[in-house]
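In the working numbering, the protein residues as written are 42 to 308. All residues carry an ideal CB built from backbone N, CA and C; glycine is no exception.
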DNA sequence: TCCTTATGTACAA
DNA sequence: TGTACCTAAGGAC
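Quick look at the structure:
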């Protein structure tokens with residue numbers, strides 16, 4: 042479930058590993074690097090958008106990006122024998138963490154880490170984020186706001202679910218051009234992302250439905266989708282909009298599925 | 001057992 | 001715009 046909230050949550054959870062950490066790569070693809078950090082202390086963890094950084098010693102970092110399929114699983118020691126898809130297993134005296142299927146898992150230094158930060162836009166989950174930096178690009182772009190929200194150079198951490206949901210919550214048609222997003226709209230969207238994504242970190246899932254639109258409040262059955270949270274439009278194509286009853290629409294946009302309500306969201 | 005799908009990204013043409 | 005990469009679950013046979 043890798044949008045930014047997942048990665049920030051992983052930074053917190055990995056950060057609980059204490060003392061010297063055993064590192065291994067049962068799958069083999071990270072063996073050389075794992076042996077270099079084996080026995081070192083995990084000194085800090087950090088997330089920027091969908092990128093996770095595990096800091097060992099003074100300036101060694103394991104850079105992880107889950108991509109679409111990557112998964113992390115935590116468990117108590119003794120750890121079961123690792124299967125052949127575990128890229129990286131970390132363990133302290135009490136727990137182990139398995140990483141599978143990441144797009145990126147690499148041992149890097151401070152300079153390479155700085156380069157990753159440099160190519161990412163502001164992250165609603167980071168205290169150092171400046172929303173004006175994102176708005177500068179959005180307000181000058183003829184691209185659709187849907188594409189801009191998924192562009193990690195513009196804003197880091199938003200994925201397909203938060204994109205669809207935040208546009209719905211603010212009544213913005215996904216095909217509207219970035220340059221037609223007003224400063225007031227951007228302020229509201231950014232503030233909402235900060236709140237929604239922090240809640241996502243806390244709950245480890247994405248919930249976006251306002252209290253007055255929950256299934257209980259609306260007298261309808263609870264969601265059936267298995268992605269984990271209660272949402273307005275994500276993966277609800279052809280189902281009735283929770284607010285107005287219109288069929289939710291879907292379309293492909295840059296190889297991803299877009300979802301929106303044609304009545305609630307305005308051009 | 002095979003096919004589809006998925007909350008992502010990079011690179012080639 | 002298409003394709004490649006990584007994994008696992010669910011559904012159709």
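With a Cβ-Cβ cutoff of 8 angstroms, do residue i and residue j count as a contact?
| i | j | result |
| --- | --- | --- |
| residue 196 | residue 163 | yes |
| residue 148 | residue 79 | no |
| residue 230 | residue 211 | yes |
| residue 284 | residue 166 | no |
| residue 131 | residue 62 | yes |
| residue 295 | residue 188 | yes |
| residue 55 | residue 127 | no |
| residue 59 | residue 129 | no |
| residue 301 | residue 274 | yes |
| residue 106 | residue 91 | yes |
| residue 136 | residue 113 | no |
| residue 224 | residue 176 | yes |
| residue 89 | residue 158 | yes |
| residue 233 | residue 240 | no |
DSSP three-state label for residue i, please.
| i | result |
| --- | --- |
| residue 44 | coil |
| residue 92 | strand |
| residue 101 | strand |
| residue 61 | strand |
| residue 50 | helix |
| residue 81 | coil |
| residue 213 | strand |
| residue 271 | coil |
| residue 220 | helix |
| residue 307 | strand |
| residue 281 | strand |
For residue i, does the count of other Cβ atoms within 10 angstroms reach 16, so buried, or fall short, so exposed?
| i | result |
| --- | --- |
| residue 262 | exposed |
| residue 94 | buried |
| residue 86 | buried |
| residue 258 | exposed |
| residue 170 | buried |
| residue 73 | exposed |
| residue 174 | exposed |
| residue 252 | exposed |
| residue 71 | buried |
| residue 172 | buried |
By Cβ distance below 6 angstroms, which residues in the same chain neighbour residue i in space, the five residues on each side in sequence not counted?
| i | result |
| --- | --- |
| residue 208 | 215 |
| residue 269 | 246 |
| residue 98 | 81 |
| residue 200 | 44 |
| residue 50 | 242 and 245 |
| residue 96 | 84, 85 and 102 |
| residue 178 | 195 |
| residue 205 | 274, 275 and 300 |
| residue 190 | 199 and 204 |
Which residues in the same chain as residue i place their Cβ atom closer than 8 angstroms to its Cβ, once the five residues preceding and following it in sequence are excluded?
| i | result |
| --- | --- |
| residue 308 | 214, 216 and 217 |
| residue 183 | 218, 219 and 220 |
| residue 280 | 288 and 289 |
| residue 108 | 43, 142, 143, 144 and 145 |
| residue 282 | 273, 274, 288, 289, 302, 304 and 305 |
Once the 5 residues before and after residue i are set aside, which same chain residues still bring their CB inside 7 angstroms of it?
| i | result |
| --- | --- |
| residue 125 | 67 and 68 |
| residue 123 | 67, 130 and 139 |
| residue 151 | 100 |
| residue 115 | 54, 136 and 138 |
| residue 160 | 194 |
| residue 291 | 278, 298, 299 and 300 |
Quickly, what does DSSP pair residue i with across the bridge? List them, please.
| i | result |
| --- | --- |
| residue 146 | 105 |
| residue 137 | 116 and 132 |
| residue 127 | 141 |
| residue 293 | 298 |
| residue 258 | Partner(s): none; residue 258 has no beta bridge. |
| residue 288 | 281 |
| residue 249 | None; residue 249 has no bridge partner. |
When you measure from the CB of residue i to every non-hydrogen atom of the ligand GTP, does any distance come out below 7 angstroms?
| i | result |
| --- | --- |
| residue 150 | As for the ligand GTP, it is missing from this structure, which has no ligand bound. |
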